Ligand SMILES: Nc1ncnc2c1ncn2[C@@H]1O[C@H](COP(=O)(O)OP(=O)(O)O)[C@@H](O)[C@H]1O
Ligand SMILES: Nc1ncnc2c1ncn2[C@@H]1O[C@H](COP(=O)(O)OP(=O)(O)O)[C@@H](O)[C@H]1O
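Here it is in structure tokens:
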């Protein structure tokens, strides 16, 4: 494994559905350089896609004049990712999705993105800008850790 | 094919060998979104890799405190890419590599990057910042055009 | 910007000569896939089992999974059996995480899925 | 930062029972591949043909191609036959663009390359 501490990789994509795939491609390339195993790269790709979709949709309200920012910082044994938008962020984590309630129409079929992010990476934290505009989700995925 | 004119995708990577692969991953994702065929995506990846390697090595002299910038602008029927560094740029294009001269030790085995870039994309242009610091190469790859 | 979902509808016979409908998806399964998933599901014969073929799907996100869940809801109401195959190991894990496997079994390939219904 | 090149050296026989050396590369072929390419080439028997196996190589850039050219220079001096196989169609095109095919033939697979030397 190659150590590559240093300046982060920075990406900015327009707030348009589909562009989350550009973030996936960038993140996958960084993780591959760091020596992450393929299955961990898949976890990272899905987590980043969901974070970007939320930033595009809920943070930036699909306003294509706003960008979603992604920073990827390689540490010795982990990759730290921030996905930034210009929205107000979230005040509390949504409840864990319940497939039985969904199947019986008691909760929206949607609402699984943040749950998947938390399930797929080692750390996930949603942070609001102290000045009230802008929010980000910070993800950490470790090199030595497998999800299951 | 999906039209996606609008804000460009912007990427910044540290000036370190290997990071050209992050630019390849980002560019490949944008080209795929735009509907480029796989072989054209391969051409684009190699051209962007060579442009980034030159920016890292010749433009930024492997100084990891400097970043290489990549912007990807999707137009109706083409993708325009700029790869930016903080160096002085080039004053004239190098001669076309000559395999016979290389094989007989009459020219350096290296010196094929700019030739490959020109051969693989539809337009390639090297531009120096008018104020003397910074240079970029601008590439255009068209959706309808195949290299051969 | 999103890549279109394509759905083709196949009719096959299972081992006992019973008719089975196969919905073969390709492209992306995302928020733009409403018609490709739910629209197509509306057209199938509700008295036959349905297999969902994901082997040509390149990308699935949580909005797409929500549409799969809505399809399972419909099938559940109709008492119709649904099984899926062709998901990558990663998306088998993701489908399991959200609990879909409680309402539809996942199989490695078409033969295994067909044998199950 | 660059991914290492690994080289393994194989000895096989061609159709006429002649010995052929195969250099099997994996990883990246880039500026960091000097030893993996030229260092390994120094150790091979110069009186036997050499096949270069690129089928496990994920990434090749122009600095890596320059090292391949240096290897062909050495082989040329030694009057040694070299052929390559396992390049993707894209890199076959790139090798052709820079003129390498004038000094080493490219084959789709090992059998075709072996038959040629
Ligand atoms: N970046 C964000 N900015 C503002 N609100 C957000 C953001 N991410 C998530 N949310 C809120 O959290 C809710 C749950 O998100 P998620 O679990 O991803 O499911 P979904 O996006 O399908 O609703 C969203 O509906 C939204 O209200
Ligand atoms: N971004 C750049 N900034 C400054 N000089 C450059 C840049 N790109 C290329 N050059 C110059 O052009 C030469 C030829 O580049 P290239 O054809 O890519 O081959 P190589 O990098 O192997 O020398 C380089 O050796 C360098 O002197």
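Protein chains in written order, with my numbering: chain A, 9 to 156; chain B, 9 to 156; chain C, 15 to 131; chain D, 15 to 131.
Where is the CB? At the ideal position from N, CA and C, for every residue including glycine.
Note that the structure is a prediction, hence the values are computed from the model and not measured.
- prompt: Does any residue of chain B bring its CB to less than 8 Å from the CB of residue 21 (chain A)?
  reply: Here residue 21 (chain A) is taken as the residue at index 13 of the first chain, counted from 1. With 8 Å as the cut-off, residue 21 (chain A) counts as an interface residue toward chain B.
field: the region 93 to 103 of chain D contacting the region 111 to 126 of chain D, beta-carbon criterion three pairs below 8 Å
entry: Because the criterion of three Cβ pairs below 8 Å is met, the region 93 to 103 of chain D and the region 111 to 126 of chain D touch.
field: Listed by chain order, chain C residues near residue 121 (chain A) by CB distance under 9 Å
entry: Residue 121 (chain A) sits at position 113 when you count from the first residue of the first chain. Neighbours of residue 121 (chain A) on chain C, chain order: 75, 76 and 77.
task: Report whether the distance from the Cβ of residue 123 (chain A) to the nearest heavy atom of ligand 1 is below 7 Å.
output: In the first chain, counting from the first residue as 1, residue 123 (chain A) sits at position 115. Result yes, Cβ under 7 Å from ligand 1.
query: To the nearest whole angstrom, what separates the beta carbons of residue 14 (chain A) and residue 22 (chain B), a pair I think is in contact under 8 Å?
result: Locating residue 14 (chain A) in the first chain gives position 6, counting from the first residue. Locating residue 22 (chain B) in the second chain gives position 14, counting from the first residue. That belief holds up - the Cβ atoms of residue 14 (chain A) and residue 22 (chain B) are roughly 5 Å apart, short of 8 Å.
task: Work out the CA separation of residue 133 (chain A) and residue 148 (chain A) for me, nearest whole Å.
output: Taking the first residue of the first chain as position 1, residue 148 (chain A) is located at position 140. Taking the first residue of the first chain as position 1, residue 133 (chain A) is located at position 125. One C-alpha to the other measures close to 9 Å.
query: Measuring CA to CA, which of A:141, A:76, A:54 and A:152 is closest to residue 124 (chain A)?
result: Taking the first chain and counting its residues from 1, one reaches residue 124 (chain A) at position 116. Measuring from the Cα of residue 124 (chain A), the nearest candidate turns out to be A:54.
task: On a CA-only basis, which of D:80, D:87, D:19 and D:110 is nearest residue 49 (chain D)? Give me that one, please.
output: For the purposes of this step, residue 49 (chain D) is taken as the residue at position 35 of the fourth chain. Measuring from the Cα of residue 49 (chain D), the nearest candidate turns out to be D:19.
query: Going along chain A in order, which residues have a C-beta closer than 9 Å to the C-beta of residue 80 (chain C)?
result: Reading the third chain from its first residue, position 66 is the one you call residue 80 (chain C). Those within 9 Å of residue 80 (chain C) in chain A are 110, 116, 117, 118, 119 and 120.
Sub-8 Å separation of residue 51 (chain C) and residue 81 (chain C) beta-carbons: In the third chain, residue 51 (chain C) corresponds to position 37, counting from 1. In the third chain, residue 81 (chain C) corresponds to position 67, counting from 1. Yes; because the gap between Cβ atoms is below 8 Å, this pair is in contact.
message: Using C-beta distances below 7 Å, list every residue in its chain close to residue 67 (chain A), excluding the 5 sequence neighbours before and after it, in chain order.
response: Within the first chain, numbered from 1, the residue matching residue 67 (chain A) stands at position 59. Closer than 7 Å at Cβ, skipping near neighbours: 93, 94, 95 and 143.
message: Is residue 102 (chain A) close to ligand 1? I mean its beta-carbon at under 7 Å from any heavy atom of the ligand.
response: Within the first chain, the letter at position 94 stands for residue 102 (chain A). Because some heavy atom of ligand 1 lies under 7 Å away, the Cβ of residue 102 (chain A) counts as near it: yes.
- prompt: Which runs of the beta strand (DSSP E) spanning at least 3 residues fall entirely within the region 49 to 123 of chain A, listed in chain order?
  reply: 75 to 82 and 86 to 93
query: Using the C-alpha atoms, what's the distance from residue 119 (chain B) back to residue 67 (chain C)?
result: If you number the third chain from 1, residue 67 (chain C) lands on position 53. If you number the second chain from 1, residue 119 (chain B) lands on position 111. Spanning the two alpha carbons is a distance of roughly 49 Å.
field: Exposure label - residue 131 (chain A); buried when at least 16 CB within 10 Å
entry: Locating residue 131 (chain A) in the first chain gives position 123, counting from the first residue. So residue 131 (chain A) counts as exposed.
Which listed residue (B:89, B:51, B:141 and B:74) has its alpha carbon closest to that of residue 98 (chain B): Walking along the second chain from the start, residue 98 (chain B) turns up at place 90. Ranking B:89, B:51, B:141 and B:74 by Cα distance to residue 98 (chain B) puts B:141 first.
- prompt: Comparing the C-beta of residue 94 (chain D) with each C-beta of chain B, is any distance below 8 Å?
  reply: In the fourth chain, residue 94 (chain D) corresponds to position 80, counting from 1. No, its Cβ sits nowhere closer than 8 Å to a Cβ of chain B.
message: Could you check whether the Cβ of residue 72 (chain A) sits closer than 8 Å to any Cβ belonging to chain B?
response: If you number the first chain from 1, residue 72 (chain A) lands on position 64. For residue 72 (chain A), the answer is yes, since a Cβ of chain B falls inside 8 Å of its Cβ.
- prompt: Of all the CB atoms in chain D, is at least one closer than 8 Å to the CB of residue 34 (chain B)?
  reply: Here residue 34 (chain B) corresponds to residue number 26 of the second chain, with the count starting at 1. Answer no: the Cβ-Cβ gap between residue 34 (chain B) and chain D never drops below 8 Å.
task: Give the residues of chain A in contact with residue 75 (chain B), contact being defined as C-beta atoms less than 7 Å apart.
output: For the purposes of this step, residue 75 (chain B) is taken as residue 67 along the second chain, with counting starting at 1. Listed along chain A, the residues sitting closer than 7 Å to residue 75 (chain B) by beta-carbon distance are 15.
field: 6 Å Cβ shell around residue 45 (chain C) - same chain, five flanking residues per side excluded
entry: Start at 1 with the first residue of the third chain, and residue 45 (chain C) comes out as number 31. Shown here for residue 45 (chain C): same chain residues with a beta carbon closer than 6 Å to its own, the five before and five after excluded, namely 77 in chain order.
Start-to-end residues for the beta strand (DSSP E) that takes in residue 121 (chain C): Residue mapping note: residue 121 (chain C) aligns to position 107 of the third chain, counting from 1. Secondary structure note for residue 121 (chain C): its beta strand (DSSP E) is the uninterrupted segment 119 to 121.
query: To the nearest angstrom, how far is it from the Cα of residue 90 (chain D) to the Cα of residue 83 (chain D)?
result: The residue given as residue 90 (chain D) occupies position 76 in the fourth chain. The residue given as residue 83 (chain D) occupies position 69 in the fourth chain. Straight through space, the alpha carbons of residue 83 (chain D) and residue 90 (chain D) are spaced by roughly 10 Å.
query: Expressed to the nearest angstrom, what Euclidean distance is found between the alpha-carbon atoms of residue 115 (chain C) and residue 79 (chain C)?
result: Counted from its first residue, the third chain places residue 115 (chain C) at position 101. Counted from its first residue, the third chain places residue 79 (chain C) at position 65. In a straight line, the C-alpha of residue 115 (chain C) is about 12 Å away from that of residue 79 (chain C).
beta-carbon residue 74 (chain C) near ligand 1 non-hydrogen atom, thresh 7 Å: Here residue 74 (chain C) refers to the residue found at position 60 when the third chain is read from its first residue. Incorrect: residue 74 (chain C) has no Cβ contact closer than 7 Å to ligand 1.
- request: Assign residue 32 (chain C) to one of three DSSP states: helix, strand, or coil.
  value: Taking the third chain and counting its residues from 1, one reaches residue 32 (chain C) at position 18. Three-state DSSP puts residue 32 (chain C) in coil, outside helix and strand.
Where residue 112 (chain D) falls: helix, strand or coil (DSSP): Counted from its first residue, the fourth chain places residue 112 (chain D) at position 98. DSSP places residue 112 (chain D) in coil when its eight states are reduced to three.
field: For residue 127 (chain C) and residue 60 (chain C), the rounded distance between their alpha carbons
entry: On the third chain, position 46 is the one that residue 60 (chain C) refers to. On the third chain, position 113 is the one that residue 127 (chain C) refers to. Between residue 60 (chain C) and residue 127 (chain C), the C-alpha separation is close to 18 Å.
message: Using a 10 Å radius around the Cβ and a threshold of 16 neighbouring Cβ atoms, would you call residue 106 (chain C) buried or exposed?
response: Translated into the one-based positions of the third chain, residue 106 (chain C) becomes position 92. Buried, since its Cβ has 16 or more Cβ neighbours within 10 Å.
Length-filtered (4 minimum) alpha helix (DSSP H) runs lying within the region 33 to 86 of chain D: Taken in chain order, the whole alpha helix (DSSP H) runs of length 4 or more contained in the region 33 to 86 of chain D are 54 to 57.
query: Relative to ligand 2, is the shortest distance from any of its heavy atoms to the C-beta of residue 61 (chain D) smaller than 7 Å?
result: For the purposes of this step, residue 61 (chain D) is taken as the residue at position 47 of the fourth chain. Residue 61 (chain D): no, Cβ never under 7 Å from ligand 2.
message: Please classify residue 22 (chain D) as buried or exposed, where buried requires at least 16 other C-beta atoms within 10 Å of its C-beta.
response: Counting from 1 along the fourth chain, the entry for residue 22 (chain D) is found at position 8. Answer is exposed; the Cβ neighbour count stays below 16.
query: Using the beta-carbon count (16 or more within 10 Å), is residue 84 (chain B) buried or exposed?
result: Looking up residue 84 (chain B) in the second chain gives position 76. Answer is exposed; the Cβ neighbour count stays below 16.
query: Near residue 145 (chain B), which residues of its chain fall below 6 Å by C-beta distance, leaving aside the five closest residues on each side in sequence?
result: Taking the first residue of the second chain as position 1, residue 145 (chain B) is located at position 137. 59, 91 and 134, listed in sequence order.
task: Rounded to whole angstroms, what's the CA-CA distance from residue 65 (chain D) to residue 86 (chain D)? Just pull it up for me.
output: Within the fourth chain, numbered from 1, the residue matching residue 65 (chain D) stands at position 51. Within the fourth chain, numbered from 1, the residue matching residue 86 (chain D) stands at position 72. Whole-angstrom Cα-Cα distance: 11 Å.
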